[in-house]
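Residue numbers (my numbering): 1 to 185.
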């Protein structure tokens, strides 16, 4: 009787193991798909026109783009503009300066916009700055780059590095300048 009982238990364990073995399947593809879905944007917007106002409701900036991808579901959320942007910055006298870029990323937590690819800054004063990459800090309303720039001031083309400026483009700096300069005597 002991052997029959042991034999029955042994058969049940084997049947259970075989059932478990054949019921398991490889779901690695499903696991990979979960990661892909988490990397997708939470929202997609076409033809956007975002207006930013200051604390008293006066228009400070206007961001225009043909496409925006919203990744605010990430730990360090951001919005991506894969088809470029036009950023219009208004100074205290309502003058418009414009920044154009082929690509941009706006980081939600830092309020920093990373502008990349053929960045052109056209000030309301008629000056132009050209750079491969530039940043706009929305909190401090400051435009800057640590890279090379080409600039046109009063029709004279020059080169430099490390451009930064306030929103009004009254206080700006370009270091390591080179090119043609005209000096007043």
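Yeah, the Cβ is synthetic: ideal placement off N, Cα and C, and Gly gets one too. Only a predicted model underlies this, so the values are computations on that prediction, with no experimental measurement involved.
State the Cα-Cα distance for the pair residue i and residue j, rounded to the nearest angstrom.
i           : j           : result
residue 160 : residue 174 : 6 Å
residue 154 : residue 124 : 12 Å
residue 74  : residue 51  : 24 Å
residue 176 : residue 149 : 10 Å
residue 99  : residue 120 : 6 Å
Ordered along the chain, which non-local residues of its own chain (more than five positions away) have a Cβ less than 6 Å from that of residue i?
i           : result
residue 168 : 91
residue 4   : none
residue 61  : 52, 89
residue 81  : 65, 68, 104
residue 102 : 84, 117, 118
In this structure, what does DSSP give as the bridge partners for residue i?
i           : result
residue 55  : Looking at the DSSP assignment, residue 55 forms no beta bridge with any residue, so it has no partner.
residue 168 : Note: residue 168 sits in no beta bridge, so no partner.
residue 98  : 88, 122
residue 133 : 116
residue 49  : 64
residue 173 : 164
I'd like to know whether the C-beta of residue i is nearer than 8 Å to at least one C-beta of chain C.
i           : result
residue 144 : Chain labels in this structure do not include chain C; a single protein chain is all it has.
Just to confirm my understanding: we take residue i, look at its own chain, exclude 5 residues before and 5 after, and list those with CB closer than 8 Å. What are they?
i           : result
residue 142 : 136, 164, 165, 166, 167
residue 127 : 151, 152, 153, 154, 169
residue 112 : 106, 135, 136, 137, 138
residue 181 : Annotation note: pLDDT 45 at residue 181 (below 50); position unreliable, coordinate value reported separately. Answer for residue 181: 156, 158, listed in chain order.
By the DSSP assignment, the beta strand (DSSP E) with residue i in it spans what residues?
i           : result
residue 71  : It is not in any beta strand (DSSP E) - residue 71 carries neither H nor E in the DSSP assignment.
residue 75  : Premise fails: residue 75 is in no beta strand (DSSP E) and is neither H nor E.
residue 148 : 148-153
residue 42  : From DSSP, residue 42 is part of no beta strand (DSSP E); its letter is neither H nor E.
What whole-angstrom Cβ distance do residue i and residue j have, given they're in contact under 8 Å?
i           : j           : result
residue 84  : residue 97  : The pair is not a contact, with the Cβ atoms about 17 Å apart (cut-off 8 Å).
residue 48  : residue 68  : 5 Å
residue 140 : residue 131 : No, residue 140 and residue 131 are not in contact; Cβ-Cβ is about 19 Å, not under 8 Å.
residue 63  : residue 87  : 5 Å
Can you list, in chain order, the residues of its chain with a C-beta nearer than 7 Å to that of residue i? Leave out the 5 residues immediately preceding and following it.
i          : result
residue 12 : none
residue 14 : none
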